[in-house]
Amino acid sequence: MAEPRKFRVEVCFSPEEFDLYKQEYKAVVAIDVLRATTAICTAFQHGAEKLIPVSTIEEAREYQGKGFLVGAERNGQIVEGFDFGNSPYSYMGDFVKGKTLVLSTTNGTKAINRAAKSHDVYIGALVNLDAIIKQFIDHPTDVLLLASGWQGKFNLEDSICAGAITEALINSRKYMSDEDSTIASLFLFQKARDNYFGFLKASSHRRRLRNLNLNEDIKYCLTPNQTDVIPVYREGALVNLAS
Ligand code: 3SL
Numbered sequence: 003m004a005e006p007r008k009f010r011v012e013v014c015f016s017p018e019e020f021d022l023y024k025q026e027y028k029a030v031v032a033i034d035v036l037r038a039t040t041a042i043c044t045a046f047q048h049g050a051e052k053l054i055p056v057s058t059i060e061e062a063r064e065y066q067g068k069g070f071l072v073g074a075e076r077n078g079q080i081v082e083g084f085d086f087g088n089s090p091y092s093y094m095g096d097f098v099k100g101k102t103l104v105l106s107t108t109n110g111t112k113a114i115n116r117a118a119k120s121h122d123v124y125i126g127a128l129v130n131l132d133a134i135i136k137q138f139i140d141h142p143t144d145v146l147l148l149a150s151g152w153q154g155k156f157n158l159e160d161s162i163c164a165g166a167i168t169e170a171l172i173n174s175r176k177y178m179s180d181e182d183s184t185i186a187s188l189f190l191f192q193k194a195r196d197n198y199f200g201f202l203k204a205s206s207h208r209r210r211l212r213n214l215n216l217n218e219d220i221k222y223c224l225t226p227n228q229t230d231v232i233p234v235y236r237e238g239a240l241v242n243l244a245s
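Sequential numbering of the sequence shown, starting at 3, is according to the working numbering.
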């Protein structure tokens with residue numbers, strides 16, 4: 003008997019390359035381990051109802067003017083005049099419960115918005131790794147793992163997270179891949195899997211955040227499986243898939 007068709011999982015290293023990949027996939031998992039997608043998962047874990055990702059500070063200010071709780075980060079720092087930035091610890095209070103938040107970040111929210119124009123977008127990070135894997139094993143579809151990178155460039159942490167998802171999907175025997183970017187992510191994950199923190203010691207983003215005294219954020223973001231929430235994009239905002 004012929005084997006059932008395998009679904010495709012591939013990795014795109016940066017939103018700048020998204021147009022080269024986008025046609026072939028139904029779903030996109032947007033990944034920004036340090037720190038946007040980790041912060042977003044954390045907000046939903048703490049009961050946020052919606053989160054509107056915006057690409058520019060101007061849009062963020064407009065929402066602020068309308069009374070929304072708005073986070074804005076550029077180059078790792080809170081943009082002056084906003085309620086919070088991109089630290090997952092800022093999204094842990096009861097104050098997020100039932101609220102619609104707005105967030106603009108250097109890379110992560112741009113990657114989400116870019117993909118949301120044409121695809122079903124899911125939010126992935128190490129903190130919800132197993133939940134994302136289970137979602138795509140239970141509901142297989144052609145999926146592109148979109149690393150947010152840093153200002154258009156490749157980064158290690160998102161690629162490692164994409165490699166972790168890829169390995170599990172391929173091991174489920176429901177998926178195949180054939181892009182070199184996917185193979186490279188897999189190799190990186192296999193090198194890093196026993197010690198993400200150590201492996202990423204020299205990474206540019208870890209250095210950037212460490213220089214801003216954000217070591218606790220880094221540890222949190224690199225600790226897998228702290229939540230099973232999966233934020234998904236629906237009609238202009240992220241919501242909890244389970245809601
Ligand atoms: O670019 C982003 O979206 C961020 O996650 C960057 S940072 O972690 O706040 O530096």
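Beta carbons are placed, not taken as given, at the ideal position from N, Cα and C, and that holds for glycine.
The C-alpha of residue 141 is placed about 14 Å away from the C-alpha of residue 7. Setting aside the 5 residues that flank it on each side, residue 164 is surrounded in the same chain by 13, 33, 147, 149 and 187, each with a C-beta closer than 7 Å to its C-beta; the list follows chain order. Ligand 1 never approaches residue 206 closely enough for any of its heavy atoms to be under 7 Å from the residue's Cβ.
Bridge partners of residue 149 according to DSSP: 33. Annotation: the continuous alpha helix (DSSP H) that includes residue 136 extends over 131-140. DSSP assignment within the stretch 41-103 yields the following whole alpha helix (DSSP H) runs of 4 residues or more, N-terminal first: 59-67. Leaving aside the five residues that flank residue 205 on each side, the residues in its chain whose CB is nearer than 6 Å to its CB run, in chain order, 158. Taking 7 Å as the cut-off, the C-beta of residue 36 counts as close to a heavy atom of ligand 1. In the DSSP assignment, the residues bridged to residue 105 are 55 and 73. Going by DSSP, residue 165 is part of the alpha helix (DSSP H) stretching over 158-173. Closest by C-alpha distance to residue 240, out of 222, 123 and 94, is 123. DSSP places residue 219 in the helix class (H, G or I) of the three-state scheme. Residue 167 is positioned such that its CB atom lies no closer than 8 Å to that of residue 72. By the C-beta density criterion, residue 200 is exposed, having fewer than 16 other C-beta atoms within 10 angstroms.
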